[in-house]
Amino acid sequence: MAQSALSHTTAEAEQLKRDRVAGTAGALLATVKTWHCTTFANCSAAANFLNLPPAQVAGEAFATDDDRGQITLFYFL
Numbered sequence: 161m162a163q164s165a166l167s168h169t170t171a172e173a174e175q176l177k178r179d180r181v182a183g184t185a186g187a188l189l190a191t192v193k194t195w196h197c198t199t200f201a202n203c204s205a206a207a208n209f210l211n212l213p214p215a216q217v218a219g220e221a222f223a224t225d226d227d228r229g230q231i232t233l234f235y236f237l
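Quick note: the numbering used here has the sequence shown finishing at residue 237, numbered continuously throughout.
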């Protein structure tokens with residue numbers, strides 16, 4: 161059962177990426193990518209996250225900002 165979006169804290173999102181690289185994200189996550197959502201303090205933090213291995217490629221992420229300058233990032237992982 162795939163979910164359309166999963167929301168994570170920044171720490172959870174970073175751990176998810178580390179698990180994906182290490183191959184410990186579980187059998188389903190290793191073969192099926194899903195959309196995830198995380199809010200970052202600013203644009204630099206969101207960009208840094210996107211460049212963590214495995215880096216997202218074109219079409220695998222989009223973002224929006226709010227009135228406080230926070231970035232909500234939707235990414236395919």
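The beta carbon of each residue, even a glycine, is placed where N, CA and C say it ideally should be.
7 Å Cβ cutoff met for residue i and residue j
i: I231; j: F209; result: no
i: A218; j: L233; result: no
Cβ neighbours of residue i in the same chain (closer than 7 Å, five flanking residues each side left out)
i: A225; result: Here residue 225 turns out to be Asp, not Ala, going by the sequence shown. Excluding positions up to five away in sequence, the list reads I231.
Cβ-Cβ separation, residue j to residue i (assumed contact under 8 Å), whole Å
i: C197; j: L166; result: 7 Å
i: E172; j: L212; result: Contact doesn't hold; Cβ gap of about 13 Å is too wide.
Close Cβ partners of residue i (< 8 Å) along its chain, the five nearest in sequence each way excluded
i: M161; result: Unreliable positioning characterises M161 in this predicted model, as indicated by a pLDDT of 37, which lies under 50. The coordinate reading is nonetheless provided below. So no residue of the chain qualifies.
i: Q216; result: L210, Y235, F236 and L237
First and last residue of the uninterrupted beta strand (DSSP E) at residue i
i: D225; result: A221 to D225
i: T170; result: Here T170 belongs to no beta strand (DSSP E); instead the alpha helix (DSSP H) covers T170 to A182.
i: T199; result: W195 to F200
Of the listed residues the options, nearest to residue i (C-alpha basis)
i: A182; options: A206, A207 and P214; result: P214
i: W195; options: R228, G229, A221 and D227; result: A221
The alpha helix (DSSP H) enclosing residue i, as first and last residue numbers
i: L237; result: Premise fails: L237 is in no alpha helix (DSSP H) and is neither H nor E.
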